[in-house]
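Student: Residues in the sequence shown are numbered from 366 upward in steps of one, following my numbering. Below you will find the structure I want to go over with you.
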Amino acid sequence: MVPKMLSMGKRNRVTHSTHMNERSSRSHTLLTVTSTSTDLAGGTKVTGKLNLVDLAGSERVWKSGAQGEQLKEAQNINKSLLALREVIQALRAKQAHVPFRNSKLTYLLQDSLGKGSKTIMMVQISPLEENMGESVCSLKFAQRVCKVELGPAARRIDSSAQHEA
């Protein structure tokens, strides 16, 4: 099932050439895998969720040469990355309100970024000197993410399943 979904995502993913990237992705990619297991003796159901996210890179519009539809895509990518940064900052500051609803991306990742979750972030940077600004920006973002403490991962048990057994 997962290979089929990845194949469909690859077919639907849009890329365009920019001055900065020969195959610049024009959107984020999110694959969510949900797994539920049932304890046969007690009937307890435990659900796990894995979100695999490939964030489209932030490109400085003036540097990428994006125009028209590509410019709109770049602006939308940058807005959602800004919303993700705001969520990370709110989590890091342990604010009472975390602005998950500011973008589709952060809304979809809400339960993976909240308390009781484990999050791993990998950053790909460019080795080219002319992309140093974007690479440094990405590394600083990853550094901020690393400072967020969500607490220990919590086991989530579906209590309604216990009552059905």
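Idealized CB from N, CA, C, for every residue including glycine. None of the values given here were measured: they were computed from a predicted structure.
Just to confirm my understanding: we take S400, look at its own chain, exclude 5 residues before and 5 after, and list those with CB closer than 6 angstroms. What are they?
Tutor: Answer for S400: G413, listed in chain order.
Student: At which residues does the alpha helix (DSSP H) containing T403 begin and terminate?
Tutor: First-last for T403: 394 to 403, but that is the beta strand (DSSP E), not the alpha helix (DSSP H).
Student: Can you list, in chain order, the residues of its chain whose CB lies under 7 angstroms from that of A507, leaving out five sequence neighbours each side?
Tutor: Once the five neighbours on either side are set aside, the close Cβ partners of A507 are M486, V488.
Student: With respect to the beta strand (DSSP E) encompassing K410, which residues constitute its N-terminal and C-terminal limits?
Tutor: Where K410 is concerned, the enclosing beta strand (DSSP E) stretches over 410 to 419.
Student: Rounding to the nearest angstrom, what Cα-Cα distance links K437 and L417 in this structure?
Tutor: The straight-line gap from Cα to Cα measures roughly 25 angstroms.
Student: If you follow the alpha helix (DSSP H) that V501 is in, where does it begin and where does it stop?
Tutor: Unbroken alpha helix (DSSP H) run through V501: 497 to 511.
Student: Work out the CA separation of V510 and M497 for me, nearest whole Å.
Tutor: Roughly 20 angstroms separates the two Cα atoms.
Student: Give every residue of the same chain whose Cβ lies closer than 7 angstroms to the Cβ of L395, excluding the five residues on either side of it in the sequence, and list them in chain order.
Tutor: Cβ within range, chain order: N416, V418, L473.
Student: Please report the straight-line C-alpha distance between A526 and K410, rounded to a whole angstrom.
Tutor: With a pLDDT of only 47 at A526, under 50, the local geometry of the prediction cannot be trusted, and the value read off the model is given with reservation. In a straight line, the C-alpha of A526 is about 6 angstroms away from that of K410.
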